[in-house]
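In our numbering, the protein residues as written are 501 to 1015.
The beta-carbon is built from N, C-alpha and C at its ideal position, and this holds for glycine as well.
Scroll down for the structure; my scribbles are underneath it.
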Amino acid sequence: MGMQEKEALQARLKGRIALAGVALLVLTLLGGASLPAYRGLKAWRAERLMNQADERLKKGSLIEAYQAAKSAHGLNPNNLRSLRMLADMYEGSGSAETLLYRRSVAENDKSTIDDQVAYLRAAIQAGRLDLADEFLNKIGIAGRANPKIAMIAASLLRLRGEPDKAAALEKETAKNAPEAQRVEADLLQAQGQIEAKDPSERATGRATLFKIASKNDANGANARRLLLASAERTEAETQQLIQIIELDPRASTADRLTAKSLQLSLHPDWRNATLEQAKKLFSAGTEEDQLALAEFLSRHNDPEGVLALPPVRQGRGLLLRLDALAKLKKWAAIRDELNQASDAKEPLDPFVADVFQARVAQELREIPMAEAQWKKAKSKAAANPRKLDFLANFAERSGNIPLARETYRDMTRYPATAVPGYFGLIRIAEKNAATSELRDIMGELVRQLPKDPAPKNDFAYLNLLMSDRLDDSLKVATELVALFPDRAAYRTTLAIAYLRKKQPKEALEAYNGME
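Dropping the structure here:
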């Protein structure tokens, strides 16, 4: 091969190598560019799936909606619509997924204040106060300044037995809130005021709530909820609340039936007529109307009325139906209902089914089966505060006191259910007239809520009944009367303390200044 041929060959090789290099560069660039395009395609596909999920949800096809939302989440884990829908679907199930999805939504860059509030509430309900604290710290002072967030932070403080700190937070947040958040700020401050020591301040708080309650929005609904829970609501205030609900054009059937419940609290003798009127108005309505009516009839102890409604084999409607059958002691019928419900499109939570099966077996004297079912239910409730709460109350109502006591004790290990757990233990001890046990439980509650005056007074009172810790009890009673001079129960404890110390004159003087 001549010199010229060699040079020509080398030139061709160099040209091919250069061409291959250019081709490789182009492919690399195209490949890199395709990644964002591929991600965009997945995000677009996830949105399409969420549109399908919304449509299926509107039609009541929950399982198909769930599957579409789950697929959308798989394509795009940051898709906010899928995260919200999945969180809503798991809400109330006691499942760990609720907290997982709520957290993902709250930490998303596009999350709203309501998203953050929903996560904090889910964390508290799950007994994960540490996660609530962590998130409150994460959003910083600016985030915590929002009245809705501050309301959650205040509830955390009250849960920990620090009502004074909670009230201070509510007052400070309301003071500094911008005009755009004025209603939320007033609602926040009123929530603290209705739990104040001063009766006039509590009345001021209720007056503020009534102003907000007349608004046809979420703030109005929250104000009504607080007023409904108020133990100090006067007859005139109850009438005012009834009027607000009845004048609300957006009031649901459940709201209107709540107004009827308020009327019955003022006029118990209207019960039969009111219940019959409610049945005529809502028994032929939508499924939502019928569910609200079943709740209303159950609340006013009309199990026959609940069972007269079209049968429901799933959800809250099934629970109300089972409860009505239990009130009428129709145990075999409950077993039939549970068997039919197990074949439903959306079967009852297996834990709830086990609880009812246990009660049925117990009432039918099928002792081995009852024990096995109670044990099974207890196992499924383990480490789930909300299920433990349900099981403990159900076992207590069913007369299974040993299991109720054991489950209430389990509840005290979780911050969100500790106080209800202690109240359950206290209730059982009171029924058994076990003063010593009651005193010990109250002592535990005092340690859990060191700044709450009510348990302190009860603990001192029980110690005095047992002639124990007299000096400590006298000191506590003296401090409580100084802080709350208008509370007769605290003065009574102080008087008993002086009597135990053989100081009758001081015991009589303990009531000085009472109106």
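Can you tell me the Cβ-Cβ gap for residue i and residue j, rounded? I've got them flagged as a contact below 8 Å.
{"i": "Val806", "j": "Ala832", "result": "With 8 Å as the limit, Val806 and Ala832 do not qualify as a contact, their Cβ atoms being about 18 Å apart."}
{"i": "Glu695", "j": "Asn719", "result": "That pair is no contact at about 19 Å."}
{"i": "Ala1022", "j": "Ser973", "result": "Here the chain comprises residues numbered 501 to 1015, so residue 1022 is not present and cannot be evaluated."}
{"i": "Leu970", "j": "Lys1001", "result": "6 Å"}
{"i": "Leu822", "j": "Glu837", "result": "6 Å"}
{"i": "Phe984", "j": "Pro950", "result": "Incorrect: roughly 16 Å between the Cβ atoms, too far for contact."}
{"i": "Gly661", "j": "Gln948", "result": "7 Å"}
{"i": "Gly627", "j": "Pro915", "result": "5 Å"}
{"i": "Arg905", "j": "Ile928", "result": "6 Å"}
{"i": "Lys542", "j": "Asn576", "result": "6 Å"}
{"i": "Ala881", "j": "Lys887", "result": "4 Å"}
{"i": "Ala877", "j": "Val855", "result": "5 Å"}
{"i": "Glu670", "j": "Leu659", "result": "Between Leu659 and Glu670 the Cβ distance is about 15 Å, and since that is not below 8 Å, they are no contact."}
{"i": "Ala713", "j": "Arg724", "result": "5 Å"}
{"i": "Leu820", "j": "Glu788", "result": "The pair is not a contact, with the Cβ atoms about 14 Å apart (cut-off 8 Å)."}
Can you tell me the Cα-Cα spacing of residue i and residue j, whole angstroms?
{"i": "Asp630", "j": "Asn637", "result": "11 Å"}
{"i": "Val976", "j": "Lys956", "result": "7 Å"}
{"i": "Leu525", "j": "Tyr566", "result": "Only weak support exists for where Leu525 lies, its pLDDT of 47 falling under 50; the value from the coordinates is given anyway. Approximately 44 Å, taken between the alpha carbons."}
{"i": "Pro699", "j": "Ser783", "result": "42 Å"}
{"i": "Leu757", "j": "Leu764", "result": "11 Å"}
{"i": "Gly643", "j": "Ile649", "result": "7 Å"}
{"i": "Tyr1011", "j": "Ala731", "result": "25 Å"}
{"i": "Arg581", "j": "Ala623", "result": "20 Å"}
{"i": "Thr528", "j": "Ser604", "result": "Confidence at Thr528 is low in this model, with a pLDDT of 49, below 50, so its placement is unreliable and the value that follows should be read with caution. So the two alpha carbons sit approximately 34 Å from each other."}
{"i": "Leu620", "j": "Met589", "result": "17 Å"}
{"i": "Leu586", "j": "Leu549", "result": "13 Å"}
{"i": "Asp755", "j": "Ala995", "result": "46 Å"}
{"i": "Glu1009", "j": "Thr708", "result": "38 Å"}
{"i": "Asp802", "j": "Asp889", "result": "25 Å"}
{"i": "Pro1017", "j": "Ala596", "result": "This structure leaves residue 1017 out entirely; the chain is present only between 501 and 1015."}
{"i": "Gln814", "j": "Ala841", "result": "7 Å"}
{"i": "Leu762", "j": "Trp770", "result": "11 Å"}
{"i": "Leu726", "j": "Gly705", "result": "10 Å"}
{"i": "Ala938", "j": "Ile926", "result": "In the sequence as displayed, the identity of residue 938 is Leu instead of Ala. Answer to the nearest angstrom: the Cα atoms are 6 Å apart."}
{"i": "Leu775", "j": "Leu793", "result": "9 Å"}
{"i": "Arg682", "j": "Ala674", "result": "8 Å"}
{"i": "Glu679", "j": "Asp686", "result": "11 Å"}
{"i": "Leu945", "j": "Ala918", "result": "9 Å"}
{"i": "Ile744", "j": "Ala667", "result": "27 Å"}
{"i": "Ala572", "j": "Ile941", "result": "50 Å"}
{"i": "Leu999", "j": "Gly692", "result": "37 Å"}
{"i": "Thr753", "j": "Leu747", "result": "13 Å"}
{"i": "Arg584", "j": "Ala546", "result": "14 Å"}
{"i": "Ala721", "j": "Ala759", "result": "13 Å"}
{"i": "Asn646", "j": "Ser611", "result": "14 Å"}
{"i": "Gly540", "j": "Gln552", "result": "19 Å"}
{"i": "Ala892", "j": "Ala808", "result": "29 Å"}
{"i": "Val812", "j": "Leu818", "result": "5 Å"}
{"i": "Arg913", "j": "Gly943", "result": "16 Å"}
{"i": "Lys931", "j": "Lys665", "result": "35 Å"}
{"i": "Phe959", "j": "Thr992", "result": "13 Å"}
{"i": "Phe923", "j": "Ala632", "result": "24 Å"}
If I follow the unbroken alpha helix (DSSP H) through residue i, where does it start and stop?
{"i": "Gly924", "result": "918-931"}
{"i": "Val852", "result": "850-863"}
{"i": "Tyr1011", "result": "No alpha helix (DSSP H) contains Tyr1011, which DSSP labels as neither H nor E."}
{"i": "Arg581", "result": "580-590"}
{"i": "Glu788", "result": "787-799"}
{"i": "Trp831", "result": "831-842"}
{"i": "Gln681", "result": "First-last for Gln681: undefined, no H or E at that position."}
{"i": "Ser561", "result": "It is not in any alpha helix (DSSP H) - Ser561 carries neither H nor E in the DSSP assignment."}
{"i": "Asp823", "result": "815-827"}
{"i": "Asn576", "result": "Segment: none, Asn576 is in no alpha helix (DSSP H) and carries neither H nor E."}
{"i": "Leu999", "result": "988-1000"}
{"i": "Thr912", "result": "That residue, Thr912, is in no alpha helix (DSSP H); it is neither H nor E in DSSP."}
{"i": "Asn716", "result": "From DSSP, Asn716 is part of no alpha helix (DSSP H); its letter is neither H nor E."}
{"i": "Gln777", "result": "771-782"}
{"i": "Val806", "result": "803-808"}
For the ligand FAD, is there any heavy atom lying closer than 7 Å to the beta carbon of residue i?
{"i": "Met585", "result": "In the structure shown, the ligand FAD is absent, as is every other ligand, since no ligand is present at all."}
Using a Cβ-Cβ distance cut-off of 8 Å, determine whether residue i contacts chain C.
{"i": "Met911", "result": "Going by chain labels, chain C is absent from the structure shown, which holds only one protein chain."}
Problem set entry | Secondary structure, alpha helix (DSSP H): runs of 4+ residues fully inside the region 870-910 | 885-897
For this session: Output the residue ranges of the alpha helix (DSSP H) runs that lie fully inside the region 926-970 and measure 4 residues or longer, sorted by chain position.
Result: 935-948, 953-965
Exercise. In chain order, which continuous runs of the alpha helix (DSSP H) of length 4 or greater are located wholly inside the region 595-626?
Worked result: 596-606, 613-625
For this session: Enumerate, from N- to C-terminal direction, the unbroken beta strand (DSSP E) stretches of 3 or more residues contained entirely within the region 636-673.
Result: none
For this session: Could you name each continuous alpha helix (DSSP H) segment of 4 residues or more that falls completely within the region 725-754, going from the start of the chain to the end?
Result: 735-747
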